[in-house]
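**Q** Mind looking over this structure? Questions follow.
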Amino acid sequence: MTIAFSNFSFRYESLDKPTLKNINLRIEKGEKIVIIGPSGSGKSTLGQCLNGLIPHAIKGEVTGSLEINGKSISEFSMHDYTEQVGTVLQDTDSQFVGLSIGEDIAFALENQLMSNIDMYPLVKSTAKMVDLADMLERSPHDLSGGQKQRVSLAGILVDDVDILLFDEPLASLDPKTGKATIEIIDQLHKETNKTIVIIEHRLEDVLHRDIDRVILMERGEIIADMTPDEILASELLDTHGIREPLYLSALKAAKAPLSSEDKLSNLKALDYKRFRPAVQSWFAERPAPVAEKQYQPLLEVHGLTYSYDGEKNALEDVSFKIGKGEFVSILGKNGSGKSTITKLIMGVIDADSGSSYLNGEDLSELSIFERSQKVGVVMQNPNHMISHHMIFDEIAFGLRNRGVTEDLIKEKVENVLALCGLSKFRHWPIEALSYGQKKRVTIASILVLEPELLILDEPT
């Protein structure tokens, strides 16, 4: 099942300039590739061209050609796409259609009018492939991020398509769950030899298992098409704003001699002895740590406990302090209670016990509106925050609600647009942005309000 883009370009109906420009890319049957690039590079748009959302659901101008298995997509109906390409979306919640995992997996088969007698064993065997066989009666909305990914994957595997497209499958997963997802994808690739296309920016996690090629995109164009070892040995990732594996950043900072022959994509295969002198010299030259600033308390949390169901505590006796000007990261696997802390501070839910203070003021005595004047929260999914059509209006919305004059709004919005790297998009419709750019818009919409405390729920 060969995929061939030839001088392929695409322009959204709402934009003057093309988002994809002269794409020439060939993906052979059974290959496993990853497409990377900064936010707005066009990688998700490329995926939408591959799965038929463009041009069937998203309108625009297409030039050049795209062929799947030797057949031009101009001859494809939306149904033809669904028989060839299965997609796991970045936002898995938006992909669920069934009330239970079993119903969700069976959805495609029901549309094919398959009988229940034939359907059940196929649903059961597909669920077993992704380790969900014992969970068919559960609601997909009650699952962890990693489990939701597996439900979405099962929903496309049951249709036995030849091409699997993953649009940022690791976006909402902790590192451990992300690696488990990559392992499942790798196992499926080895067992089925399907063509796999992964769109992702967490390259280090994707390289947890072997990849045939890495495609680097920037501003709608393909900048590089290399093996993982070749691209890691180059400076391309750093040049184009892609975070390279941390171990590689350390080796480059130490000026260790690197080449594609070092098998840089495989951490376990690296010859550390060869790099040891350079790394030891780098450690010796590092400057002494700077003395900490005088601590001034901002947020104080004491003994927070909360349960969603009245039986199992999502949080239990949690206490911590955050000082003014501090940059603090709260880490934990999916389901550990990170987002619950945010909800309690926002006032969306009330703690079963414990207290929270901001600048010495008891947050429980403030309404949600009063808290919003002091605490800014950027949600994990930008689509849950965005309410306007144009970028400028979205960022200005909070200021307008506060009665700020339009002249001051313009000044503040322009400043935060520049800070978030969004100035050139100020007059764009939000629908034309990538998922990552939408996240920057939501960050800008909170920053412009100048909150005392800024909380970002899984921003990366």
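Quick note on the numbering used here: the sequence shown kicks off at 348 and runs consecutively. The beta carbon of each residue, even a glycine, is placed where N, CA and C say it ideally should be. Bear in mind the structure is a predicted one, so any value in this text is a computation, not a measurement.
1. Which one or two residues does DSSP pair with residue 573 in a beta bridge?
2. Return the Cβ separation of residue 642 and residue 691 in integer angstroms, given the expectation that the two are a contact with Cβ distance under 8 Å.
3. By Cβ distance, which residues of its chain are closer than 7 Å to residue 517, with the 5 residues on each side in sequence left out?
4. Contact check, residue 780 vs residue 793 under 8 Å by CB: the rounded distance?
5. Determine, using beta carbons only, whether residue 562 and residue 738 come nearer to each other than 8 Å.
6. Leaving out the 5 sequence neighbours to the left and right, which residues in its chain are closer than 7 Å to residue 773 when beta-carbon positions are compared?
7. Would residue 357 be called buried (16 or more neighbouring beta carbons within 10 Å of its own) or exposed?
8. Measuring only the C-alpha atoms, how far is residue 487 from residue 785?
9. Assign residue 724 to buried or exposed, taking buried as 16 or more other Cβ atoms, counted over all protein chains shown, within 10 Å of its Cβ.
10. Given residue 444, which residues of its chain have a CB within under 7 Å of its CB, disregarding the five upstream and five downstream residues?
11. Kindly identify the DSSP beta-bridge partner or partners of residue 705.
12. Taking C-beta to C-beta, are residue 532 and residue 513 nearer than 8 Å?
13. Looking at the secondary structure, which residues open and close the alpha helix (DSSP H) in which residue 655 lies?
14. With respect to 7 Å, is the separation between the Cβ of residue 366 and the closest non-hydrogen atom of the ligand ZN below this value?
15. Quick one: using the 10 Å Cβ neighbour count with 16 as the cut-off for buried, is residue 468 buried or exposed?
16. Does the Cβ-Cβ distance between residue 648 and residue 693 come in under 8 Å?
17. Let me know the secondary structure DSSP gives residue 539 once reduced to three states.
18. Pull up the DSSP beta-bridge partners for residue 800, would you.
19. According to DSSP, which residues form a beta bridge with residue 408?
20. State buried or exposed for residue 678, treating a residue as buried only when at least 16 other CB atoms are found within 10 Å of its CB.
21. Find the nearest neighbour of residue 410 within the set 354, 434 and 461, judged by alpha-carbon distance.
22. Anyone know if the C-beta pair for residue 788 and residue 777 falls short of 8 Å?
**A** Put simply:
1. 561
2. Wrong, their Cβ atoms sit about 23 Å apart, outside the cutoff.
3. 525, 528, 547, 549 and 552
4. Not confirmed; about 17 Å, so no contact.
5. Inclusion of residue 562 and residue 738 in the CB contact set at 8 Å is not warranted, their separation being larger than that value.
6. 738, 739 and 764
7. With 16 or more other Cβ atoms within 10 Å, it is buried.
8. Rounded to the nearest angstrom, the two C-alpha atoms are 25 Å apart.
9. buried
10. 451 and 454
11. Assignment of beta-bridge partners to residue 705 by DSSP yields 646 and 708.
12. yes
13. Neither: residue 655 is in no alpha helix (DSSP H) and is coded neither H nor E.
14. Because no ligand of any kind appears in the structure shown, any question about the ligand ZN cannot be addressed here.
15. exposed
16. no
17. helix
18. Residue pairing by DSSP puts residue 800 in a beta bridge opposite 722.
19. 358
20. Exposed, because fewer than 16 other Cβ atoms sit within 10 Å of the Cβ of residue 678.
21. 354
22. yes
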